[in-house]
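Notes for the one structure printed next.
Protein chains in written order, with UniProt numbering: chain L, 1 to 367; chain H, 1 to 367.
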């Protein structure tokens, strides 16, 4: 669906993001007639979904998939490369579903600086003075729009019209990516509900909800599309799992210690929401061993409407308990092992440089 | 994925249902390792989803798709017929998502004689004494399980490994089916919220939420898999839209006048829930013209917790206003036009007999 563009093997991120968005726009255009046939209500709702998709920033999953393709020797100028770009872009529809549904599950009111989809439609219902419960209406619309995004992810992969052999190779990887991320989301809410605050539980969530979904599977999708052999795919798997977990661990630190003016969300919100992070689990682990009173105080405070002063106290305790050092060490260890695996591999030199940069961006960022 | 079975062109419904369930079971087995890798929480939740899928009765959508395949001259004994059966079966995963998510949207507590999925997980949360709101937890799990069903529908189609040409033909039909039904669901909640009680709005919902999804698109999927030409597909489209709407109109009558001991749901529930049916719209239309007081009484009563006596009154009014006759006439007209199109077509004689029987079952049933 893409027009030919030169230097696809050297695309800077901005150009790549544009190419992804063109692919998404071209696809949405193919669906417009069907959407419109149902009626203006559907046209309007889908327009809201597509606005949401086009507000999505960094396209990190498509970028890992495309780099995975290049790194395995995929030819970005070959006839089939447009199809590869479409498959990469389709990851953004999966992500749209994940975010829209997650925002219902987490009862989040803002996303990407805008009201979340369910809040938007609740507001419309309220403003129109419609019948029934506005919040319920908003959630219902958001459930359906998330479903559409999920369907469109598959439709875009199908529309890419890969040859049979490639399609057959892709099928199990594409399938596992979606089944895993949904499992990770389920695990997340179950662990939070059950109050399991172990490091192991938090790592298992990171593994499936973030690492496999954000880095590992996208790389494997790209590699598979390039026809990579099992050894290279194994390297992608190691690199992806390690960097993906490190990425989440950095996110956890930013959720507690990040600068709100840089991260764009109130610092300490992870503590107020009671998010089960490795950081928190490590703090509780250490406190259980050395200082049961602090452990009890942490457990009592987490997930409550903490004052700024209380958040500051919890931050100090996490540092004192060595949890921050522990998480920083984990990030370093994971990044080192990922880069070691990458550097010892047959991944192309260009892609090695690119993936190394992406690894640092993911694990050393401040937002 | 199916073992060879004789007489696939003459399968009685029971045997066909068994074949669909074997296809679904075989597919689920291929996903088990991925599911288990995430953890026992996921294994248990997915087991609940698959139980739900296997409780699903008549497999009406796969049956229309398979008949569409046979009717277009598809060879049920050919090498590719197992793949066709897999695609037919995949419709049951789409339906599982539609039902699980619809039950959240409608806040339904029972389905197929069992607690709905969100109620099941709310109960588990309550029984385990977990943290947070049990109902919210149940809905969250049900959102995710519906998503998995939707993904698996696509995964099963992909696993069917159709050849490229067939896959390319199928893509737009498969895509439209899902985009349309989600649009129909959205229209349904929007029409109910806005209070639009016109016949046109009710018919538009029937067209997309039921007819296209239940009969028309399944027939087109089957026909497309058999390589049917545009004329035959046009016949399927006419037949499917007409019978699909007639099916829903019969459902509407049963929802108000059906025998609870046969339908399995309390009669009059459609009136208590305020469902926007053609039946209700026709009654309101007639009342607006002839008897504004009755129109006002109908509008005031619909969607409230009506007593049995009040339900009886509304029933009598709907009969007196001619709405029941109107809907019965519509069913007859639609069935006649569908069968006329079918009989004038090149659909195979066997399939004509079968589709005629299915049309009568769908439009004359008592449950």
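Glycine residues also receive a C-beta, built at the ideal position from the N, C-alpha and C atoms.
Item, Value
"CB contact below 8 Å: residue 32(L) versus chain H", "no"
"Simplified DSSP state of residue 111(H), which is helix, strand or coil", "strand"
"Spatial neighbours of residue 197(L) in its chain, beta-carbon cut-off 6 Å, leaving aside the 5 residues before and after", "281 and 284"
"Cβ of residue 164(L) within 8 Å of any chain H Cβ", "yes"
"Where residue 58(L) falls, given that 16 or more other Cβ within 10 Å makes a residue buried", "exposed"
"Contact check, residue 217(L) vs residue 256(L), beta carbons under 8 Å", "no"
"Alpha carbon of residue 141(L) to alpha carbon of residue 14(L), nearest angstrom", "32 Å"
"Secondary structure of residue 49(H), DSSP reduced to three states", "helix"
"Residue-level contact to chain L via CB, residue 148(H), 8 Å cutoff", "yes"
"Rounded straight-line distance, which links the Cα of residue 252(H) to that of residue 278(H)", "8 Å"
"Local conformation of residue 77(L) per DSSP, three classes", "coil"
"Partners in chain H for residue 130(L), counting only beta-carbon separations shorter than 7 Å", "193 and 194"
"Cβ of residue 256(L) within 8 Å of any chain H Cβ", "no"
"The region 180–198 of chain L contacting the region 136–155 of chain L, beta-carbon criterion three pairs below 8 Å", "no"
"Contacts of residue 204(H) in chain L (Cβ-Cβ under 9 Å)", "38 and 39"
"Meets three-Cβ-pair contact criterion under 8 Å: the region 87–96 of chain L and the region 16–32 of chain L", "yes"
"At least three beta-carbon pairs within less than 8 Å, the region 329–346 of chain H to the region 291–307 of chain H", "no"
"Backbone CA spacing between residue 213(L) and residue 222(H) [nearest angstrom]", "34 Å"
"Exposed unless 16 or more other CB atoms sit within 10 angstroms - verdict on residue 146(L)", "buried"
"Whether residue 96(H) touches residue 27(H) by CB criterion (8 Å)", "no"
"Chain H within 8 Å of residue 179(L), Cβ atoms only", "yes"
"Partner residues on chain H for residue 137(L), Cβ-Cβ distance less than 8 Å", "189 and 193"
"CB contact flag (residue 244(L), residue 38(H), <8 Å)", "no"
"Segment contact flag, the region 323–333 of chain H with the region 228–235 of chain H, C-beta cutoff 8 Å, min 3 pairs", "no"
"Proximal residues to residue 165(L) (C-beta, below 6 Å), its chain only, five neighbours per side dropped", "none"
"Ranges of the alpha helix (DSSP H) found wholly within the region 123–193 of chain H, counting only runs of at least 4", "134–159"
"Span of the alpha helix (DSSP H), counted from its first residue to its last, around residue 237(H)", "230–257"
"Identity of the residue in 240(L), 271(L), 172(L) and 263(L) nearest residue 359(L) by Cα", "240(L)"
"Contact with chain L by residue 248(H), beta-carbon distance below 8 Å", "no"
"Any C-beta of chain H under 8 Å from that of residue 374(L)", "Limits of chain L in this structure are 1 at one end and 367 at the other, which puts residue 374(L) out of reach."
"Backbone secondary structure at residue 99(H) - three-state DSSP", "helix"
"Contact with chain H by residue 2(L), beta-carbon distance below 8 Å", "Any reading at residue 2(L) must be qualified, since the residue scores a pLDDT of 45, below 50, and its modelled position is unreliable; no value is offered."
"Reduced DSSP secondary structure (H/G/I, E/B, other) of residue 361(H)", "helix"
"Buried/exposed call for residue 319(L), threshold 16 Cβ in 10 Å", "exposed"
"Coarse secondary structure for residue 11(L), derived from DSSP in three states", "coil"
"Three CB pairs or more closer than 8 Å across the region 152–165 of chain L and the region 160–174 of chain H", "yes"
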